[in-house]
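Going line by line, the protein sequences match chains G and A. For the first sequence, our numbering puts the final residue at 218, and the numbers step up evenly by one. For the second sequence, our numbering puts the final residue at 218, and the numbers step up evenly by one. Note that CB positions come from ideal geometry on N, CA and C, so glycine has one too. Computed from a predicted structure; not experimentally measured. Some notes on the structure that comes next.
Number of protein chains: 2
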Amino acid sequence: MSEVAATGISVLLVDDHPIVRQGYRRVLESQGDLHVVAEADNAADAYGAFKTHDPDVVMMDISMPGASGLEAIRNIRARSPRARILVFTMHNEAVLVKAAFNAGASGFVTKSSAPSAVVNAIRGVARGERAMSDDIAHVLAEDSLSAGSVLDQLGEREIEILRQFAGGATTEQIAAQLNLSVKTVQNYHYLIKTKTGARTDAQLVRLAASCGLTRI
Amino acid sequence: MSEVAATGISVLLVDDHPIVRQGYRRVLESQGDLHVVAEADNAADAYGAFKTHDPDVVMMDISMPGASGLEAIRNIRARSPRARILVFTMHNEAVLVKAAFNAGASGFVTKSSAPSAVVNAIRGVARGERAMSDDIAHVLAEDSLSAGSVLDQLGEREIEILRQFAGGATTEQIAAQLNLSVKTVQNYHYLIKTKTGARTDAQLVRLAASCGLTRI
DNA sequence: TCCGGCTTGGGAAATTTGCCCGAGCTGCAA
DNA sequence: TTGCAGCTCGGGCAAATTTCCCAAGCCGGA
Chain G
3 MSEVAATGIS
13 VLLVDDHPIV
23 RQGYRRVLES
33 QGDLHVVAEA
43 DNAADAYGAF
53 KTHDPDVVMM
63 DISMPGASGL
73 EAIRNIRARS
83 PRARILVFTM
93 HNEAVLVKAA
103 FNAGASGFVT
113 KSSAPSAVVN
123 AIRGVARGER
133 AMSDDIAHVL
143 AEDSLSAGSV
153 LDQLGEREIE
163 ILRQFAGGAT
173 TEQIAAQLNL
183 SVKTVQNYHY
193 LIKTKTGART
203 DAQLVRLAAS
213 CGLTRI
Chain A
3 MSEVAATGIS
13 VLLVDDHPIV
23 RQGYRRVLES
33 QGDLHVVAEA
43 DNAADAYGAF
53 KTHDPDVVMM
63 DISMPGASGL
73 EAIRNIRARS
83 PRARILVFTM
93 HNEAVLVKAA
103 FNAGASGFVT
113 KSSAPSAVVN
123 AIRGVARGER
133 AMSDDIAHVL
143 AEDSLSAGSV
153 LDQLGEREIE
163 ILRQFAGGAT
173 TEQIAAQLNL
183 SVKTVQNYHY
193 LIKTKTGART
203 DAQLVRLAAS
213 CGLTRI
């Protein structure tokens, strides 16, 4: 691995939008100590680029098409436990943040953050620290006080049914898929709404999407 | 208005993510002929900045919180018909593209485009041309062949009800908001599902989201 | 003028929801 | 070991919603 103090911090950028990557690249490289050594526009390429360039930090947008960003994190970390991954996204759901850290991320910064906060997060992650932007810290703080996230109160079965439902499946399809009676699926549906406080199906779909359970 | 040939092209950046704006700014300014004269992070500020700086081109991400980006375009164009607005977003739904052009946009470029395509679009828009990225041209071409998008078959009232429904509003809330009977809203709900072919409410929400009608 | 489409709602049958219940299972703790 | 708690699974039943069908007013275009 490169000597951080001596040669600066090497960064692998992962984002599916080329101009966004180029923008980040310029912002980072204007800092002097940050060097973008490679880019990737999907989760699959990310690991290849990681192996080739062995960057100090992977800066990754986890809302990409194809494989989930969380999968990509797990993937990289499983094969290279020393990898430092900074998640960089517009989402700020506590569930997603926790999922990212559980998957092995070292930091989590939202795109709403000031550029200075982003580059400082990169430096922190490169030093082996855990880094997150202020808004994420607040979200997690709120979350820890409010006794866990929405999804934490759901059982495995409930989450699976919520995922399929939010994905557009009908009650019959879910019942057939999971070998349940329609009535049971209906009951779960009701239970999920009760537990999450969603008043309409649409709110449930949005909840699932904002928790990263489904992508739209 | 500035003399494009003599002084370059002045650009107003509108995007709700500061680091994204800063990234774009650097990409644009590295071109030599493009100058970012102001930034705004919401639709309301965008018009203020437009009045103050009178830029040649407004480069705008229309997926921002608060007022719809389409509203912002209409707003600016209504007050300054000479304004050139280049929409720059990750969405590539034909409905949204057409809506943007109808609202008065001069160009539409997706974030998937190569940076060179983006800067060329800015130059084209500044010259008064209509500009769009290749993928958008393909989407519109497909759309014109496939006899219109899903949303095209919906009336204004239907779209408004779909938007509110997908946003999480209950039937009662929509009825109250629009001064309709609950029965009418229910009928619209059914009609929308029939017209769009959605079998569940969840599919409807996803449809609305994928058309840029709601954000999750 | 007439036709077609949008908007607004009524009606009635079919279906789903909301909420209650019980039963089997598992893990955990006293 | 017993017992409790929580998950999973489904029945029951009244209330609500959905699904269609229909009608009437309005407006713009042929």
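Taking the alpha carbon of residue i as the reference point, which residue from the options has its own alpha carbon closest?
i        : options                                   : result
Ala123/G : Ile161/G, Arg86/G and Lys100/G            : Arg86/G
Thr173/G : Gly199/A, Ala204/A, Leu98/A and Glu162/A  : Ala204/A
Thr91/A  : Asp17/A, Ala200/A and Ala177/A            : Asp17/A
Lys100/G : Gln166/G, Ala45/G and Met134/G            : Met134/G
Ala46/A  : Ile78/A, His19/A, Val22/A and Ile138/A    : Ile78/A
Phe167/G : Gln188/G, Pro20/G, Asp136/G and Ser183/G  : Gln188/G
Thr198/G : Gly170/G, Asp154/G and Arg132/G           : Asp154/G
Ala80/A  : Leu206/A, Tyr49/A and Leu88/A             : Tyr49/A
Leu142/G : Asn94/G, Gln175/G, Ser115/G and Arg159/G  : Asn94/G
Ala116/G : Asp137/G, Glu131/G, Arg132/G and Ala102/G : Asp137/G
Arg84/G  : Gln33/G, Lys113/G and Glu131/G            : Glu131/G
Thr196/A : Leu156/A, Gly170/A and Gly34/A            : Leu156/A
Arg208/G : Tyr192/G, Arg165/G and Asn181/G           : Arg165/G
Ala221/G : Ser32/A, Arg27/A, Gly34/A and Gly170/A    : Because chain G here runs from 3 to 218, residue 221/G falls outside it and cannot be looked at.
Ser118/G : Leu180/G, Ser32/G and Gln179/G            : Ser32/G
Ser114/A : Ser114/G, Asn44/G, Ala102/G and Ala139/G  : Asn44/G
Sorted by chain position, which residues of the same chain lie with C-beta nearer than 6 Å to residue i's C-beta, five sequence neighbours on each side aside?
i        : result
Ala105/A : Leu72, Ile75 and Arg76
Thr9/A   : none
Lys53/G  : none
Ala51/G  : Leu14, Ala40 and Ala42
Pro20/G  : none
Ala102/G : Val89 and Phe110
Thr202/A : none
How far does the beta strand (DSSP E) with residue i in it extend, from its first residue to its last?
i        : result
Leu14/G  : Ile11 to Val16
His37/A  : Leu36 to Ala42
Ile87/A  : Ile87 to Thr91
Gly130/A : Neither: Gly130/A is in no beta strand (DSSP E) and is coded neither H nor E.
Gly109/A : Gly109 to Thr112
Tell me where the alpha helix (DSSP H) around residue i begins and ends.
i        : result
Thr54/A  : Ala45 to His55
Arg76/G  : Gly71 to Arg81
Asp203/A : Asp203 to Ser212
Arg23/A  : Pro20 to Glu31
Give every residue of the same chain whose Cβ lies closer than 8 Å to the Cβ of residue i, excluding the five residues on either side of it in the sequence, and list them in chain order.
i        : result
Val13/G  : Leu30, Leu36, His37, Val38, Val39, Pro57, Asp58, Val59, Val60, Met61 and Ile124
Gly25/A  : none
Thr186/A : Ala177
Asp88/G  : Just to set this straight, residue 88/G is Leu in the shown sequence, not Asp. The answer, listed in chain order, is Val59, Val60, Met61, Met62, Ala107, Ser108, Gly109, Phe110, Val111, Ala123, Ile124, Val127 and Ala133.
Val120/A : Val29, Phe90, Val111 and Ser135
Val184/G : Thr173, Glu174 and Ala177
His55/A  : Ser12, Leu14, Val39 and Ala40
Gln179/G : Gln166 and Ala171
Gly68/A  : The predicted model places Gly68/A with a pLDDT of 42, which falls under 50 and marks its position as unreliable, so this point remains unresolved.
Ala200/G : Ile194, Leu206 and Leu209
Gly34/A  : Gly10
Arg27/G  : Leu15, Val38 and Glu41
Tyr192/G : none
Who are the Cβ neighbours of residue i in its own chain at under 7 Å, not counting the five residues just before and after it?
i        : result
Val22/A  : none
Ala128/A : Val6, Ile11, Asp58, Val59 and Arg86
Tyr190/G : Arg159, Glu160 and Ile163
Thr216/A : Arg165, Ala168, Gly169 and Ala210
_Under 8 Å: do the stretch 150-166 of chain A and the stretch 103-120 of chain A share three or more Cβ pairs, one atom per stretch?_
no
_Taking contact to mean 3 or more Cβ pairs, one atom from each stretch, closer than 8 Å, check whether the stretch 25-43 of chain G and the stretch 51-61 of chain G are in contact._
yes
*Unbroken beta strand (DSSP E) runs of length 3 or more, entirely within the stretch 138-193 of chain A: which are they?*
none
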